[in-house]
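Student: Shown below is the structure under consideration.
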Amino acid sequence: MNKLLLSVLLSLSVSGSVMAGDLIKMKGKTEGRVNHEFIYQDGCQTCHQGSGKKNTTDAACVECHGDINSIPVDESKLAIPEAHPHKSLHYNQGASCLACHAEHEKKAPVCTECHRTWFEEM
Amino acid sequence: MQGRRNFLKLSAGAAVGSLAATLPGTVQAKTCNEINWDENADVIVIGSGFAGLSAAVNAKRQGLGSVLVLEKMQVIGGNSAINGGWLAIPKNPIQLAQGVNDDSPEELVKDQIISGRGMQNEPALRQIAERSLDAYDLCIDTGVKFRKGFNIQVGGHNKARAIRTQHGTGGDITTKLYETGVKEGVDHRLQHYVEDFIMDGQKIVGVKVRKNYRFPDLTTGSSIFIKANKAVILANGGFARNMALREAVDPSLDPTLDCTNALGATGEVTLTAMAYGALPVHMNLIQTGHWGSPDEGGFGWSNALLSIGWHQGVAISVLNGKRFMDERADRKTCSEAIMKNRNPDGSPAYPVVFFNYNNYAKDDRVVRALRDEMAWKVDSLDEIAAKFDIPAAELKRSITEYNKHVKDRKDPLFNRKMDTAEELTGPFVVSRIWPKVHYCMGGLKTDLGARVIDARSMAPIKNLYAIGEATGGIHGEARLSSTSCLECLVMGIVVSETIKADAQGAA
């Protein structure tokens, strides 16, 4: 799965204006992240175990992306070095992916509840 | 997992009628019902702040068996994870190295009695103070780092006894307790919302939980039943974010008042316990800080920034450009004065506080406030007037007058002590202020062993325990800073000992 992810990312990087993570129309009214387009071809069950109506869990993210410790963050873009979202001083490994990331809509990361200027909606 | 079946008399229903109407799938009143348990644990902890995580690690270490922590949010740590990381420990090693040798647990209790104004639970405070070194040891043992050589005297304490975590956040403690718990076999679950208790008469036997819950939508996730073999520990924190409950117990708390707490501090588990007979005490005692800013979330930088502003600066009403209070008065006095600043429609007219920039340009309290845009560097009074829509002539007149008072070291307007005041010349650091709700002194009544007390029998509800901000009556009228973290950590230890003793007594 990781290899697949890499090839998807590579093909994206040469295809131009759409950035990985951008929201695009996927199926009907459902939006999704452009880098996840290939997942939608298999239906909803890759992320929603059992039914599209059931909430997904971190397991769906971790399967391809690895856990929070293994996912790099561009540290040059941080407001301050301590504002590293994958090494949070408040939560560290005790944060769900879903606290900051959403697939079908934009979401403000949990950090913005207090640190309003540090992070953008994603 | 297929749990084993139990035949139980359920006492849910009538008492929680109104709650049942709002919660999806609440257990309905039936004389008999078979619970098909999906899971079981020896000890279930509800909430993952200082109290819950301390209880979980200590329950494990006491050999109580399997320990399951249920957190409804998508992060571990509750409000503790975003708190300021202050911890009062009499006789801590840093204090002793500073040569402060005359502190003791009893000295701390003395301060808390004054602050509690007769409403405090003295034996509970004494138990906590006497075990504060156990809390310190728990931190050190789990890898928590404190600031080297840092131990200071904070508000209401008669000794320098407050130490602070390395990064100035309680997250330094919750992350370590969590990671220690994981290593030692504690099972932590995020997005598990406790929607009901399962009672067998006057004994709790399990909880109904909404798994995969997404705060705050109660229709998300699906219900499961988890059996608690030995204990359910309520460590669900305060309710300062529950606007309806806040208003019900203290109508003087204006809905315009924001809150320093994490969003999950809504207290529904406390209400569920009450519905099953738990006695609530002091629910209307809710602590407010006058040092909040509307331009940041949570506790924020404002309190620290205003430690300059109240002394070296001035607070001005945007409505008329005038001072309106003794900036150095206590919380309650200042809160009331600030909240009088209202637009004609009743909305807050946030007052501004400002002081000279140049003397504090490199002060961390200023640097981070400007960086995060909760305060602004403004060059002149005219620019302040324009930026915050203050009558300019009035503002200039007020500052001219104020500067004369600074020179005279006398404040005829509000009788402020002027020994630390500075003449205001600009450029200025300006921020806006509005009080924030901070802490609930009230909650569930417990005995010294953390057993939850039933209001009808005044005896403990079997197997039900509560610790931390979810409990009430410990601090009385006002909690002193740096004592909540202490209480939570200590009571996590105490409750594990109680459960061990109760389990042995029951066997």
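Going down the list, the protein sequences come from chains Z and R.
Here the working numbering is used: the first residue of the first sequence is 2, the next is one more, and so on.
Here the working numbering is used: the first residue of the second sequence is 252, the next is one more, and so on.
Heads up, the beta-carbon is just placed ideally off N, CA and C, and yes, glycines get one too.
Computed from a predicted structure; not experimentally measured.
1) In the DSSP assignment, find the unbroken beta strand (DSSP E) run with tyrosine 690 of chain R in it and report its ends.
2) Suppose contacts are defined by Cβ-Cβ distances below 7 Å. Is glycine 528 of chain R in contact with phenylalanine 490 of chain R by that definition?
3) With 9 Å as the limit, tell me which residues of the stretch 539-571 of chain R have their beta carbon closer than that to any beta carbon of chain Z; keep them in chain order.
4) Tell me the residue span of the beta strand (DSSP E) that contains proline 602 of chain R.
5) Residues of chain R with a CB under 9 Å from the CB of tyrosine 92 of chain Z: which are they?
6) If you run the structure through DSSP and keep just helix, strand and coil, what is threonine 584 of chain R?
7) Just to confirm my understanding: we take valine 326 of chain R, look at its own chain, exclude 5 residues before and 5 after, and list those with CB closer than 8 Å. What are they?
8) Have a look at glutamine 755 of chain R and alanine 516 of chain R and give me their C-alpha separation to the nearest angstrom.
9) Considering only residues of the stretch 23-54 of chain Z, which uninterrupted alpha helix (DSSP H) runs meet the minimum length of 4 residues and lie entirely inside it, listed in chain order?
10) So proline 344 of chain R is in the alpha helix (DSSP H); what residue range does that whole segment cover?
11) Which word fits arginine 648 of chain R, buried or exposed, when buried means at least 16 other C-beta atoms lie within 10 angstroms of its C-beta?
12) Quick one: grab the DSSP three-state call for tryptophan 552 of chain R.
13) Counting pairs of beta carbons, one from the stretch 620-634 of chain R and one from the stretch 528-541 of chain R, are three or more of them closer than 8 Å?
14) On the DSSP bridge assignment, give the partners of aspartate 447 of chain R in chain order.
15) By alpha-carbon positions, which one of R:Ile379, R:Ile345, R:Gly350 and R:Val351 ends up nearest to lysine 361 of chain R?
16) Verify whether the separation of the beta carbon atoms of alanine 413 of chain R and alanine 339 of chain R is less than 7 Å.
17) Assuming proline 545 of chain R and tryptophan 685 of chain R form a contact by the criterion Cβ under 8 Å, report the distance between their Cβ atoms to the nearest whole angstrom.
18) Say whether the stretch 629-636 of chain R touches the stretch 551-563 of chain R, bearing in mind that this needs 3 or more beta-carbon pairs closer than 8 Å, one atom from each stretch.
19) What number of angstroms, rounded off, separates the C-alpha of threonine 426 of chain R from the C-alpha of serine 89 of chain Z?
20) So with CB distances below 7 Å, who are the chain Z contacts of leucine 319 of chain R?
21) Interface residues of chain Z around glutamate 624 of chain R at Cβ under 7 Å?
22) Hey, how far is the Cα of leucine 99 of chain Z from the Cα of tryptophan 561 of chain R?
23) Tell me the rounded alpha-carbon separation between threonine 47 of chain Z and arginine 377 of chain R.
24) Closer than 8 Å between beta carbons: that is the criterion. Which residues of the stretch 459-488 of chain R meet it against chain Z?
25) Can you find a C-beta in chain R that's less than 7 Å from the C-beta of valine 111 of chain Z?
26) Are the stretch 728-741 of chain R and the stretch 361-370 of chain R in contact at 8 Å, needing three or more beta carbon pairs?
27) Report buried or exposed for histidine 726 of chain R, applying the criterion of at least 16 other Cβ atoms within 10 angstroms of its Cβ.
28) Apart from the five residues on each side of it in sequence, which residues of its chain come closer than 6 Å, Cβ to Cβ, to isoleucine 641 of chain R?
29) So, under 8 Å CB-CB, phenylalanine 679 of chain R and phenylalanine 605 of chain R are touching, yes? Tell me the CB distance rounded to an integer number of Å.
30) Just the C-alpha distance for threonine 471 of chain R and tyrosine 608 of chain R, rounded to the nearest angstrom, thanks.
31) Considering only DSSP beta bridges, list what alanine 529 of chain R is partnered with.
32) Please list, in chain order, all residues of the same chain as glutamate 122 of chain Z whose beta carbon is under 7 Å from its beta carbon, the five residues on each side excluded.
33) I need the boundaries of the alpha helix (DSSP H) containing threonine 749 of chain R, first residue and last residue.
34) Given a limit of 8 Å on CB to CB distance, which residues of the stretch 60-94 of chain Z reach chain R?
35) What does the alpha-carbon distance come out to for the pair glycine 677 of chain R and alanine 612 of chain R?
36) At 3 residues or longer, and completely inside the stretch 399-444 of chain R: list those beta strand (DSSP E) runs for me, N to C.
Tutor: Once the coordinates are examined:
1) 687-691
2) no
3) Asp546, Glu547, Gly548, Gly549, Phe550 and Gly551
4) Segment: none, proline 602 of chain R is in no beta strand (DSSP E) and carries neither H nor E.
5) Val326, Ile327, Gly328, Ala332, Gly422, Thr425, Thr426 and Tyr429
6) helix
7) Ala332 and Leu441
8) 34 Å
9) 38-41
10) 344-348
11) exposed
12) coil
13) no
14) R:Lys459
15) R:Ile379
16) yes
17) 5 Å
18) no
19) 9 Å
20) Within chain Z, no residue comes near leucine 319 of chain R; the closest Cβ sits about 15 Å away, beyond 7 Å.
21) Thr118
22) 40 Å
23) 55 Å
24) Asn463, Arg465, Thr471, Gly472 and Ser473
25) yes
26) yes
27) buried
28) Val569 and Gly572
29) 4 Å
30) 49 Å
31) R:Asp705
32) Lys107, Lys108 and Ala109
33) 735-757
34) Ala80, Ile81, Glu83, Ser89, Leu90, His91, Tyr92, Asn93 and Gln94
35) 12 Å
36) 413-415 and 438-440
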